[in-house]
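**Student:** Would you mind keeping the following structure in view while I ask a few things?
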């Protein structure tokens with residue numbers, strides 16, 4: 003499966019990084035325009051706020067969907083789709099010059115956010131192992147870089163050439179990067195074609211729409227409308243969760259999502275993103291506020307962007323260092339350290355806020371913490387999920403970021419109405435409100451660090467082993483067959499490793515037993531197939547082709563068995579019943595003439611085993627504890 007490199011690795015990284023920066027720009031490009039939009043488009047300020055809201059909403063919906071499709075249909079292909087949507091949306095706004103076209107175009111621009119998680123996964127597939135860490139750090143940091151550059155760039159374009167020029171620039175940049183991706187980026191060889199979960203995607207979109215609208219409009223819409231939207235979200239979740247657990251190829255693999263590394267990484271993301279967003283939202287407002295507020299510096303929009311720019315540039319500067327730290331420490335330690343840096347940086351912001359120099363220094367410290375946390379998170383995730391699901395995992399992580407951004411925006415809007423001061427007819431956050439935001443951001447950093455500390459420490463080795471040259475990878479697929487083609491009650495898992503025991507990939511089979519995994523090309527591998535209630539089966543397999551079909555058969559079913567012994571009376575026909583210790587019925591079976599019973603091994607835990615002779619009105623019970631191996635329990639009655 004090896005292919006000659008068409009372009010230098012550095013060019014691939016550069017094109018994807020600049021594309022990610024262009025995607026990140028979409029969130030901040032319109033911030034300098036918001037104050038003028040009501041007059042320019044003849045709408046109310048509340049309607050104008052949808053220019054930001056619709057982009058966040060579209061991003062939250064599109065990112066998990068396009069990321070899942072990237073794993074199935076090709077990562078480069080979905081990056082081009084995201085850039086194309088951004089480009090079309092930009093030109094729609096620039097040409098339309100009306101509120102409806104603004105909303106449509108800004109919604110399409112929101113699709114671009116999916117580019118970053120997909121790009122991270124693509125880099126993992128294409129780059130040599132030693133380049134993955136720094137490249138992922140750079141790609142992850144484009145969120146901060148683009149956000150910092152966006153305000154300066156759009157403010158300058160708006161002042162010099164008018165508001166339409168902002169969207170013309172975005173559209174032309176999108177066209178440029180589409181060409182760049184097609185010429186300088188190869189398609190990933192890791193792909194797992196499957197049937198797309200349309201129902202799951204639709205329900206998830208409904209849930210996210212209702213949730214994000216509630217977060218962004220809770221302070222301005224009537225309580226009855228908010229309550230109705232909350233009801234829609236809850237009903238959607240009640241239908242979506244069982245659906246995702248039932249379908250063969252779910253939109254979101256909830257079983258993987260609740261694994262300890264994935265769950266804790268996403269929880270840490272929620273707090274780390276909150277800390278990052280406080281810097282973006284509060285610092286820009288603080289430096290633009292007039293001196294009369296007690297903390298402001300009276301800068302223009304362009305000046306505020308210039309204050310934020312060094313923090314974004316720091317992300318680029320330390321990307322190689324962050325990659326080296328991840329190779330040496332592992333993702334967990336870098337994530338903990340990054341969150342601690344964020345927490346300390348906000349303490350610095352509170353204590354030293356009397357000059358622009360200290361403000362810039364504070365934003366640079368926050369940039370260091372942001373670079374470390376956002377680089378470590380995809381590293382942890384890609385080490386904890388199958389290689390054929392890395393884009394989807396990063397997409398869900400990006401969705402968590404979007405939710406955190408929306409929560410921060412909603413909280414800031416609440417502070418603007420409850421902790422503000424009025425100067426010259428304008429409302430500004432009060433000095434206590436600014437300090438409160440910084441203290442809360444510091445707390446978010448500490449909480450994120452505490453959560454990250456519980457992430458298992460073995461993800462670094464997993465990613466290092468997996469992140470070999472993606473051009474040499476092969477796809478293996480097939481079925482996990484239990485006994486005589488039994489459909490498993492719980493999804494079975496197949497794990498692939500090298501003959502020295504180092505891990506390569508793993509896959510959870512769907513409800514039909516189908517699985518797919520990515521291996522490091524032709525060679526000999528060890529495969530272990532496992533399912534609840536069955537003994538694991540081990541194979542040594544030879545993979546010779548780019549795509550290989552191989553079925554794993556698991557033949558030995560684990561059981562709970564034994565004999566019933568009683569001092570008097572017959573044992574033929576005695577019924578043995580198994581209950582969980584808390585009283586839930588599990589199964590029952592009838593003994594043979596020798597008193598032997600046998601049933602399928604239940605999940606591990608405490609149980610009560612009861613022998614019953616219905617003809618003689620006799621019964622006997624005893625406590626047992628079931629493990630993961632076949633268990634033999636003799637029921638000995640004394641009466």
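In our numbering, the protein residues as written are 3 to 641. Every residue, glycine too, gets a C-beta built ideally from N, C-alpha and C.
#1: Mind checking residue 219: buried by the 16 CB within 10 Å criterion, or exposed?
#2: Taking all protein chains shown into account, decide if residue 200 is buried (16 or more other Cβ within 10 angstroms of its Cβ) or exposed.
#3: Quick check: what's the CA-CA separation for residue 271 versus residue 384?
#4: Comparing alpha-carbon positions, which option in 101, 169 and 131 lies nearest residue 24?
#5: Taking residue 303 and residue 47 to be in contact with their CB atoms under 8 Å, please state how far apart those CB atoms are, rounded to whole angstroms.
#6: Tell me where the beta strand (DSSP E) around residue 601 begins and ends.
#7: At the level of alpha carbons, what is the spacing between residue 41 and residue 103?
#8: Confirm, please, whether the CB-CB distance from residue 513 to residue 257 is below 9 Å.
#9: In chain order, which continuous runs of the beta strand (DSSP E) of length 3 or greater are located wholly inside the stretch 37-122?
#10: In the DSSP assignment, the alpha helix (DSSP H) including residue 206 goes from what residue to what residue?
#11: Shorter than 9 Å from the beta carbon of residue 635 to some beta carbon of chain C?
#12: For residue 128, tell me which candidate among 52, 334, 389 and 543 has the shortest Cα-Cα distance.
#13: The beta strand (DSSP E) spanning residue 399 covers which residue range?
#14: Go ahead and label residue 21 buried or exposed: buried means 16 or more other beta carbons lie within 10 angstroms of its beta carbon, across all protein chains shown.
#15: Determine the extent of the alpha helix (DSSP H) in which residue 182 is found, giving its start and end residues.
#16: Tell me the rounded alpha-carbon separation between residue 253 and residue 290.
#17: Could I get the ranges of all uninterrupted beta strand (DSSP E) runs contained in the stretch 295-361, with 3 residues as the minimum, in chain order?
#18: Tell me whether residue 621 sits in a helix, a strand or coil according to DSSP, three-state version.
#19: Helix, strand or coil for residue 478, going by three-state DSSP, please let me know.
#20: From the DSSP output, in three-state form, read off residue 14 for me.
#21: Out of 529, 72 and 355, which has the shortest C-alpha to C-alpha gap to residue 495?
#22: Three or more beta-carbon pairs under 8 Å between the stretch 558-574 and the stretch 606-625, yes or no?
#23: What does the Cβ neighbour count give for residue 434, buried or exposed, with the cut at 16 atoms within 10 Å?
#24: Does DSSP put residue 551 in a helix, a strand or coil?
#25: Considering only their Cβ atoms, is the gap separating residue 320 from residue 363 smaller than 9 Å?
#26: DSSP three-state call for residue 462: helix, strand or coil?
#27: Apply the 10 Å Cβ neighbour rule to residue 647 and answer buried if 16 or more other Cβ atoms are within range, or exposed otherwise.
#28: Across the stretch 475-483 and the stretch 518-526, are there enough close Cβ pairs to call them in contact, namely three or more that are closer than 8 Å?
#29: Assign residue 246 to buried or exposed, taking buried as 16 or more other Cβ atoms, counted over all protein chains shown, within 10 Å of its Cβ.
#30: Assign residue 513 to one of three DSSP states: helix, strand, or coil.
#31: Can you tell me whether residue 127 is helix, strand or coil according to DSSP?
#32: Quick check on residue 287: does DSSP put it in helix, strand or coil?
#33: Taking C-alpha atoms, which residue in 578, 229, 327 and 559 lies nearest to residue 565?
#34: Mind checking whether residue 137 and residue 314 have CB atoms under 9 Å apart?
#35: Report whether the distance from the Cβ of residue 41 to the nearest heavy atom of the ligand SAM is below 8 Å.
#36: So, under 8 Å CB-CB, residue 382 and residue 457 are touching, yes? Tell me the CB distance rounded to an integer number of Å.
**Tutor:** Reading from the atomic positions:
#1: In the chain shown, counting from the first residue as 1, residue 219 sits at position 217. Residue 219 should be labelled buried.
#2: Position 198 of the chain shown, counted from the first residue, corresponds to residue 200. Flag for residue 200 reads exposed.
#3: Walking along the chain shown from the start, residue 271 turns up at place 269. Walking along the chain shown from the start, residue 384 turns up at place 382. Taking the straight line joining both Cα atoms gives about 15 Å.
#4: As a working mapping, residue 24 is identified with position 22 in the chain shown. Minimum Cα distance to residue 24 is reached at 169.
#5: In the chain shown, the residue the question calls residue 303 occupies position 301. In the chain shown, the residue the question calls residue 47 occupies position 45. The beta-carbon separation of residue 303 and residue 47, rounded to 17 Å, does not stay under the 8 Å limit for a contact.
#6: As a position in the chain shown, residue 601 is number 599, starting the count at 1. It spans 598-602 - the beta strand (DSSP E) in which residue 601 sits, taken as one unbroken run.
#7: Translated into positions along the chain shown, residue 41 becomes position 39. Translated into positions along the chain shown, residue 103 becomes position 101. Residue 41 and residue 103: Cα-Cα distance of roughly 16 Å.
#8: Indexing the chain shown from 1 puts residue 257 at position 255. Indexing the chain shown from 1 puts residue 513 at position 511. Result no, Cβ atoms of residue 257 and residue 513 do not sit closer than 9 Å.
#9: none
#10: As a first step, residue 206 is located in the chain shown; it is residue number 204 there, counting from the start. Unbroken alpha helix (DSSP H) run through residue 206: 200-219.
#11: In the structure shown, chain C does not exist; there is a single protein chain.
#12: By 1-based counting over the chain shown, the position of residue 128 is 126. Comparing Cα-Cα distances from residue 128 to each of 52, 334, 389 and 543, the minimum goes to 389.
#13: Counted from its first residue, the chain shown places residue 399 at position 397. No beta strand (DSSP E) holds residue 399; the alpha helix (DSSP H) holding it covers 392-420.
#14: Your numbering for residue 21 matches position 19 in the chain shown. Classification of residue 21: buried, given that the 10 Å Cβ count is 16 or more.
#15: As a working mapping, residue 182 is identified with position 180 in the chain shown. Segment 166-186, the alpha helix (DSSP H) holding residue 182.
#16: For this step, residue 253 is matched to residue 251 along the chain shown. For this step, residue 290 is matched to residue 288 along the chain shown. Cα to Cα, residue 253 sits roughly 43 Å from residue 290.
#17: None, since the stretch 295-361 contains no complete beta strand (DSSP E) of that length.
#18: To locate residue 621, count along the chain shown from 1; it is residue 619. If DSSP states are grouped into helix, strand and coil, residue 621 belongs with the strands.
#19: Mapped onto the chain shown, residue 478 falls at position 476. Of the three classes helix, strand and coil, the one that applies to residue 478 here is strand, per DSSP.
#20: Walking along the chain shown from the start, residue 14 turns up at place 12. Reduced to three states, the DSSP call for residue 14 is helix.
#21: Your numbering for residue 495 matches position 493 in the chain shown. Nearest C-alpha to residue 495: 529.
#22: yes
#23: As a working note, residue 434 is residue 432 in the chain shown. Taking all protein chains shown into account, residue 434 has fewer than 16 neighbouring C-beta atoms within 10 Å of its C-beta and is therefore exposed.
#24: By one-based count along the chain shown, residue 551 stands at place 549. Strand at residue 551.
#25: Sequence index remark: in the chain shown, residue 363 carries index 361 (1-based). Sequence index remark: in the chain shown, residue 320 carries index 318 (1-based). No, they are not a contact pair.
#26: The residue given as residue 462 occupies position 460 in the chain shown. The pLDDT assigned to residue 462 is 44, lower than 50, so where the model puts this residue is not dependable; a value taken from the coordinates is nonetheless given after this. In this structure, residue 462 counts as helix in the three-state DSSP scheme.
#27: Examination of residue 647 is not possible in this model, given that the chain is present from 3 through 641 alone.
#28: yes
#29: Here residue 246 refers to the residue found at position 244 when the chain shown is read from its first residue. Residue 246 should be labelled buried.
#30: In the chain shown, counting from the first residue as 1, residue 513 sits at position 511. If DSSP states are grouped into helix, strand and coil, residue 513 belongs with coil.
#31: Within the chain shown, numbered from 1, the residue matching residue 127 stands at position 125. Here DSSP, grouped into helix, strand and coil, assigns residue 127 to helix.
#32: For this step, residue 287 is matched to residue 285 along the chain shown. DSSP places residue 287 in helix when its eight states are reduced to three.
#33: Residue mapping note: residue 565 aligns to position 563 of the chain shown, counting from 1. Closest option to residue 565, Cα to Cα, is 578.
#34: Locating residue 137 in the chain shown gives position 135, counting from the first residue. Locating residue 314 in the chain shown gives position 312, counting from the first residue. No. Outside cutoff.
#35: In the structure shown, the ligand SAM is absent, as is every other ligand, since no ligand is present at all.
#36: As a position in the chain shown, residue 382 is number 380, starting the count at 1. As a position in the chain shown, residue 457 is number 455, starting the count at 1. Indeed they touch by this definition, with Cβ atoms about 6 Å apart.
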